[in-house]
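Structure, as structure tokens:
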Amino acid sequence: MSAKKSLQRPKGMQDVLPEDRRYWDFVIHAATDLAQRYGFERVDVPIIEDTELFARGVGTASDVFVQKEMYTIEEPDGSSIALRPEFTAGVMRAHIQNGMSSWPQPVKIFTMGPIFRRERPQAGRFRQHSQFDAEILGETDPAADLEVMMLAMNLYRDLGYQGLTFQLNSTGCPHCRPGYLELLTAYLSTYAGKLAPIDNERLEKNPLRVLDSKEPGMDELLASAPHIVDHLCEDCAAHFADLRLMLDNMEQSYTINFRLVRGLDYYTKTVFEVWAQGIGAQAAVCGGGRYDGLAEAIGGPSIPGVGFGSGIERIVMGLKQQGIEPPESAKPIALVAHFGGATKIAAVQLCYRLREAGIGTRLAFARERRSLKSQMREANRSEVKFALIIGESELEEGFVAVRPLTGGDQARVPLSEIVDWVKNG
RNA sequence: GCGGGUAUAGUGUAGUGGUUAACACGUCUGGUUGUGGCCCAGAAGAUCGUGGGUUCAAAUCCCACUACUCGCCCCA
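Take a look at the structure:
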């Protein structure tokens, strides 16, 4: 690895080579297919939005976030735009701008593409990564929560994942969360002496975050901590109960994880993740939940929403880890070999005839005459079924020598019949 | 921003002070005029991450830097 500095890809970003690409195609096809089966429609939103849109979506800590975690671009007119660090804000913006509230309700959309966060990379976390994202906008029915949850779960099931678990919690709403935070803070304060410095800091700034602390000993320390699901308001409690009832009736198991939290105010009610076998330090293969406060937070009308995002790189890593083999990517069927000159002209023509007929074909390139051995080796490496050889004698007589690479006898086929011959072979 | 690990051809590795840095895979060429895989022969490909230091002598020891990687912070 001695590539020159300038020829290195940027930190935290990666090249997807053909060998890996088939995993991606596998995931993307499965996700698209499944989302459409659930009645979601594909949309695409820009990779860049106004920095302000994302900043508002992030709430109080936005200054730090904008500087440290977002890739921003200053425009000549002084405005600032940013590479999207998530999908939801852009999707919500698109909803408002395109008047989706007057579409048939609710609006069910999915999208996928790259997102950018200037984090320190580690296993399963990159500065550029791709997400599959699905959202239901304009619906408060917990059946919508169930729907995005099941879409996520069934995606991983379709892909062949084993050992999947739902982690589920409710994060309440602006009515009931403050009361819970008081209880939690009171509880944690009695342990202040035993908390790690980092957790004491969290206790000050964002007590919920103490719950997902990775410091040792937290299990015991939190053993009798208050759970938010025991302190929900009537509306949130009913929503949660309804969702659980549906999950139970579908015999879909889940773990209520009182330590599963979201840091931002606009998140409401349902929070969920799907966990698979760990990818480095990351167990979650998707994260999602309800964000009934987001639309207003970014300066729009009140629009309830629920959705999830799932990192494609992470899904691919999981597939490899679990030994799941995606289908082979398409290989050409034929390679056309020749000896230059007039035979090359004929070979080029044949090559395009085959391609027009829908037959994947590779042409042997050669500025001058090239040995047939070398062309045959290329055919073998390309894993084609047939080498179609046009030499001087074949050209003269209007034939093609067809050599099956998978065994069997070589044939002489009239040039006029070769397309059908390959199609049927 | 903080900590651990690593750094030798395209890839994976060997080489812990002493002549032209080794092996495997991959790539290319050839093994009689126009036939792949297996096999055989050969070739190309590395200023041993960068810079400094120790030494008669450094890929090898020391220091710094950089990059990569794993973890922490953060995680919309």
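Position in the first sequence (from 1) plus 178 gives the number in our numbering.
Ideal Cβ placement from N, Cα and C applies to all residues, glycine included.
query: Should residue 253 go down as buried or exposed, given a rule of 16 or more other Cβ atoms within 10 Å for buried?; result: exposed
query: Going residue by residue through the region 458 to 494, where are the continuous alpha helix (DSSP H) segments of at least 4 residues, counting only ones entirely within it?; result: 472 to 475
query: Tell me, please, which residues DSSP counts as bridged to residue 606.; result: The chain is shown only over 179 to 603; residue 606 falls outside these bounds and no answer can be derived.
query: Once DSSP output is grouped into helix, strand and coil, what is the label at residue 511?; result: coil
query: Does DSSP classify residue 431 as helix, strand or coil?; result: coil
query: When the Cα atoms are used, what is the spatial distance from residue 354 to residue 406?; result: 9 Å
query: Indicate whether the contact test is met: 3 or more Cβ pairs, each with one atom in the region 340 to 354 and one in the region 508 to 520, closer than 8 Å.; result: no
query: Would you identify the three-state DSSP class for residue 502, choosing helix, strand or coil?; result: coil
query: Find out if the Cβ-Cβ distance for the pair residue 334, residue 493 is shorter than 9 Å.; result: yes
query: What does the Cβ neighbour count give for residue 543, buried or exposed, with the cut at 16 atoms within 10 Å?; result: exposed
query: Short of 6 Å in beta carbon distance, which residues of its chain neighbour residue 538, apart from the five on each side in sequence? Order them along the chain.; result: 510 and 511
query: Since residue 310 and residue 490 are thought to touch, with beta carbons under 8 Å apart, how far apart are those beta carbons, to the nearest angstrom?; result: 6 Å
query: Based on the DSSP secondary-structure assignment, which residues constitute the bridge partners of residue 226?; result: 261
query: By Cβ distance, which residues of its chain are closer than 8 Å to residue 560, with the 5 residues on each side in sequence left out?; result: 509, 510, 513 and 540
query: Give me, in chain order, the residues of the same chain whose beta-carbon lies closer than 6 Å to that of residue 327; leave out the 5 immediate sequence neighbours on both sides.; result: 450
query: Exposed or buried, what is residue 207 when buried is set at 16 or more other beta-carbons lying within 10 Å of its beta-carbon?; result: exposed
query: Does the region 387 to 401 come close enough to the region 370 to 377 that 3 or more CB-CB pairs lie under 8 Å?; result: yes
query: Helix, strand or coil for residue 190, going by three-state DSSP, please let me know.; result: coil
query: Residue range of the beta strand (DSSP E) that residue 314 falls in?; result: 306 to 315
query: If we ignore side chains and look at the alpha-carbon of each, how far apart do residue 487 and residue 476 end up?; result: 19 Å
query: How about residue 535 and residue 566: are their beta carbons less than 9 Å apart?; result: no
query: Just how far apart, CA to CA, sit residue 473 and residue 532?; result: 53 Å
query: How about residue 212 and residue 329: are their beta carbons less than 9 Å apart?; result: yes
query: How many angstroms separate the CA atom of residue 481 from the CA atom of residue 222?; result: 20 Å
query: Give me the Cβ distance between residue 459 and residue 300, rounded to the nearest whole Å; I'm assuming they're in contact under 8 Å.; result: 7 Å
query: Between which two residues does the beta strand (DSSP E) containing residue 590 stretch?; result: 589 to 592
query: Using 8 Å as the Cβ pair cut-off and three pairs as the minimum, do the region 413 to 427 and the region 318 to 326 touch?; result: yes
query: Just to confirm the assignment, what range does the alpha helix (DSSP H) spanning residue 347 have?; result: Looking at the DSSP string, residue 347 is not in any alpha helix (DSSP H); the run it does join, the beta strand (DSSP E), is 343 to 348.
query: Run through the region 354 to 421 for me and flag every whole beta strand (DSSP E) of 3 or more residues, listed as ranges in chain order.; result: none
query: Let me know the secondary structure DSSP gives residue 278 once reduced to three states.; result: helix
query: By how many angstroms is the C-alpha of residue 573 removed from the C-alpha of residue 518?; result: 12 Å
query: Is the distance from the Cβ of residue 338 to the Cβ of residue 502 below 9 Å?; result: yes
query: My guess is that residue 289 and residue 260 are in contact by the Cβ rule of under 8 Å, so how many angstroms apart are they, rounded?; result: Incorrect: roughly 18 Å between the Cβ atoms, too far for contact.
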